[in-house]
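Asks: Residue numbering for the sequence shown follows our numbering, beginning at 4 and increasing consecutively. No residue lacks a Cβ here, since even glycine has one placed at the ideal position from N, Cα and C.
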Amino acid sequence: MTVHSETAGSTGIQAELEVWIDQDLCTGDGICAQYAPEVFELDIDGLAYVKGPDDELRQSPGATAPVPSVLLTDVVASVRECPGECIHVRRTADGAEVYGPGAG
Ligand code: SF4
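1) Using a Cβ-Cβ cutoff of less than 7 Å, which residues in the same chain neighbour Gly103 once the five nearest sequence positions on both sides are dropped?
2) To the nearest angstrom, how far is the alpha carbon of Pro86 from that of Thr30?
3) Using 8 Å as the threshold, is the C-beta distance between Lys54 and Leu60 below it?
4) Please name the residue or residues paired with Ala68 in a DSSP beta bridge.
5) Should Ala51 be flagged as near chain D, meaning a C-beta pair shorter than 8 Å?
6) Taking C-beta to C-beta, are Ala51 and Val22 nearer than 8 Å?
7) Using the C-alpha atoms, what's the distance from Ala39 back to Ala80?
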């Protein structure tokens with residue numbers, strides 16, 4: 004049996020990422036919260052917000068939450084399926100969008 008092990012940061016490929024939602028475009032369908040409930044949640048106003056490890060919604064415009072590497076696949080799926088095209092994932096270090104409508 005082959006055991007694959009990876010030390011965080013050993014490859015240098017996985018940069019630190021953060022995510023934010025443009026609520027002006029959010030349709031409130033809740034797809035993101037289904038894919039990654041640890042990061043996205045609908046508030047009582049019917050719009051999705053990001054949340055951090057403290058489980059508190061971050062509601063100021065453009066507020067970001069970190070994307071844990073174990074949740075990256077789910078967050079990227081949310082970006083791709085989001086009908087409002089309003090989920091943005093960017094590198095924390097320089098703010099460059101890596102997944103979302105503004106990416107490359
Ligand atoms: S998937 Fe997009 S449009 Fe739907 S609730 Fe989440 S942020 Fe809003």
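Replies: Well, looking at it:
1) Only Val82, Ile90, His91 and Val92 meet the Cβ criterion.
2) 7 Å
3) yes
4) Val22
5) The structure shown has no chain D; it contains just one protein chain.
6) no
7) Each residue's Cα considered, the two are about 9 Å apart.
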